[in-house]
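K.L.:
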Amino acid sequence: MPIHDPYGAFVPGTDIVLPATGTGPLDGLTFAAKDLFDIAGHVTGCGNPDWARTHPPARRSAKVVEQLRAAGATLAGKTITDEISLGLLGRNQFDGTPINPRARDRFPGGSSSGSATAVAGGLVDFALGTDSGGSVRVPASFCGLYGLRPTHGAISVEGLMMQSASFDTAGFFADDAAIFEAVGIVLTPDAEPVSPIEEILIATDAFAIADEAVRAALEPALARLGAIAPVREITLAEEGLKAWNQCQITAQCSEFSATFRDWVDAVNPRFSFEVGSTLAHAALISESARAEALRFRANLSARLDALLDRRRVVVYPAVPILPPHRDAPLSVMGAAGDRIVDLTCIAGLSGLPQVGLPLGKYGTIPVGLAALGWRGADRTLLALARSLAT
């Protein structure tokens, strides 16, 4: 039975329901999968009609889809993504831009926009997304959800349309902390057990670049952290987070340029202006710029590993701005995307896990708090989310 979808979360023209194949901790729950995950017998459309037209149906479903079904969950459909996953606001001129159920006049966040919308709108219990540059963390914040970008490689990406392999992760959303933790346990069967958090670090430089509305919305959440562990303020980025942003853009863009170059050359596909211009600029990145970005990335990753020391967590705003209005002009959308990367680059470059905590509101608009953990601390972050929820 197709889901009634008043928010435009699901890919138009699709009707995919796959029942559970086993029983387990997810019995009776429903989930959706972003249209980057393979579903056997269906084309993985990646949010672009020419990609869908030039690719065959998947032979088998993505491993994470099968893990969830084996644990008792039912797949209820495929959800909209920004075109070929290149976007952070949730806009798709071909499949439509999903409505943010919790801020209807504002973007839902991308590129896992449909998955976040489906959960926030109560259409499914949880949903799969992907995160390379912020595509789970941004919509989780904009839609008021729990969202996990795992330690890079901690959740299987088998059967996922890869954009930039050294950044790509499979993540997920939930509106309930207990469900969120249960899904994470299913998807990380080999993860390290929950460990004590000995100290929580507040990244003051990350808060400083956030809008006043975001800082005000998160003040009550910060006041609660002392019940978890001792709290201390730090400066996270000695060079400034804008330098980290530029490193993320250079390294990630050089990878997705290589991913799509031959297909673009052969097909000459239709793109929105912002996606086409992003690909055009990515093609101009020099090898020397890429090499320098990789050196910078390795250095900051080592510094973060030493800072966290397998016992600390860093917190900061998940996104430095409120979700932009749906009718924002291209110039505003471009500026918003650049500012978002100032903070999403932290986990993207380091490969560390980050959980999005729906602990703030500015009026009725959701605002998320990010918690960055040490490498492999995925289940510890899931437990932190549950602790703060109760």
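According to the working numbering, the sequence shown is numbered sequentially starting from 65. Backbone N, C-alpha and C define an ideal beta-carbon position, used for all residues, glycine too.
For T252, which beta-bridge partners are listed by DSSP?
P.N.:
None; T252 has no bridge partner.
K.L.:
For G151 and L364, I'd like the C-alpha separation in whole angstroms.
P.N.:
Distance between the alpha carbons of G151 and L364 is about 25 Å.
K.L.:
Just reading off the alpha helix (DSSP H) that E459 is part of, what are its end residues?
P.N.:
Residue 459 cannot be examined here, being either before or after the span of the chain that is shown, 65 to 454.
K.L.:
Identify whether I148 lies in helix, strand or coil by the three-state DSSP scheme.
P.N.:
helix
K.L.:
Compare the beta carbon distance of L209 and A97 with 8 Å and say whether it is the shorter of the two.
P.N.:
In this structure, L209 sits away from A97, with a CB-CB distance that is not shorter than 8 Å.
K.L.:
In whole angstroms, what is the alpha-carbon distance linking T118 and G109?
P.N.:
9 Å
K.L.:
Tell me the rounded alpha-carbon separation between G304 and S352.
P.N.:
Cα atoms of G304 and S352: separation of roughly 22 Å, rounded to the nearest angstrom.
K.L.:
In the structure shown, what three-state DSSP assignment does R376 receive?
P.N.:
R376: strand per DSSP, three-state reduction.
K.L.:
Under 8 Å: do the region 129-148 and the region 376-386 share three or more Cβ pairs, one atom per stretch?
P.N.:
no
K.L.:
Between G111 and E147, which are expected to be in contact by the criterion C-beta below 8 Å, what is the C-beta distance as a whole number of angstroms?
P.N.:
5 Å
K.L.:
Rounded to whole angstroms, how far is the Cβ of L386 from the Cβ of A277, which I believe are closer than 8 Å?
P.N.:
6 Å
K.L.:
What residue range does the alpha helix (DSSP H) around R443 cover?
P.N.:
Counted as a single uninterrupted DSSP element, the alpha helix (DSSP H) harbouring R443 occupies residues 442-453.
K.L.:
Once the 5 residues before and after D91 are set aside, which same chain residues still bring their CB inside 7 Å of it?
P.N.:
G136
K.L.:
Within 10 angstroms of its Cβ, does E338 collect 16 or more other Cβ (buried), or is it exposed?
P.N.:
Within a 10 Å sphere around the beta-carbon of E338 sit 16 or more other beta-carbons, which makes this residue buried.
K.L.:
Is it buried or exposed for A272, if we count other Cβ within 10 angstroms and need 16 for buried?
P.N.:
Exposed: under 16 other Cβ atoms inside 10 Å.
K.L.:
Could you tell me whether the Cβ atoms of S259 and T444 are closer together than 8 Å?
P.N.:
yes
K.L.:
Per DSSP, R334 is paired with what?
P.N.:
Answer is none; R334 lacks a bridge partner.
K.L.:
What residue range is occupied by the uninterrupted alpha helix (DSSP H) comprising F158?
P.N.:
Note, F158: premise wrong, no alpha helix (DSSP H); not H, not E.
K.L.:
Starting from the C-beta of P121, find all residues in its chain whose C-beta is less than 6 Å away, skip the five residues before and the five after it, and write them out in chain order.
P.N.:
G105, H106, V107
K.L.:
Tell me where the beta strand (DSSP E) around I429 begins and ends.
P.N.:
429-436
K.L.:
Is the CB-CB distance between F171 and G160 below 8 Å?
P.N.:
no
K.L.:
If I measure Cβ to Cβ from G88 and keep anything under 8 Å in the same chain, skipping five residues before and after, which residues do I get?
P.N.:
A134, A135, G136, V250
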